[in-house]
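Structure record follows, encoded as structure tokens.
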Amino acid sequence: MNGPNCNYNPETTVLCHSNKQVHGKGWGIKASDEHSFYGCSGCNMWFDSMSAPEEEREHYYQVAHERTQEKFKEKGLWEVVINDDSWN
Ligand SMILES: [Zn+2]
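Per this note's numbering, the sequence shown starts with residue 152, numbered consecutively.
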């Protein structure tokens with residue numbers, strides 16, 4: 152994520168999940184991996200701390216989320232169907 156509290160240590164990197172209810176987050180339930188991003192322990196803590204301004208968290212989430220999606224695609228973990236004709 153490379154957020155304000157980033158420690159830039161890849162060894163602490165985990166898959167972090169969105170806290171938004173619209174992303175499936177609930178009490179004791181994590182959002183799905185679809186709404187996630189790679190972040191180090193510093194970024195994960197910063198993102199989860201409600202003291203960080205919502206707008207700032209949202210901004211860093213969007214950037215980190217897109218970069219993570221790219222990583223998923225590189226690894227073949229994710230396939231985005233842009234034009235799925237089967238719906239027609
Ligand atoms: Zn970080």
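By construction, the Cβ of each residue, glycine as well, lies at the ideal position given by its N, Cα and C atoms.
(request) Starting from residue 168, trace the beta strand (DSSP E) both ways and give me its first and last residue. (result) 165–168
(request) Measuring alpha carbon to alpha carbon, tell me which of 169, 156, 190 ends up nearest residue 162. (result) 190
(request) Could you pull out every residue in the same chain whose Cβ sits closer than 7 Å to the Cβ of residue 208, ignoring the five residues on either side in sequence? (result) The answer, listed in chain order, is 198.
(request) Would you mind sorting residue 201 into buried or exposed? The rule is 16 or more other CB atoms within 10 Å of its CB. (result) Exposed: under 16 other Cβ atoms inside 10 Å.
(message) Once the 5 residues before and after residue 169 are set aside, which same chain residues still bring their CB inside 7 Å of it?
(response) 176, 182, 186, 187, 212
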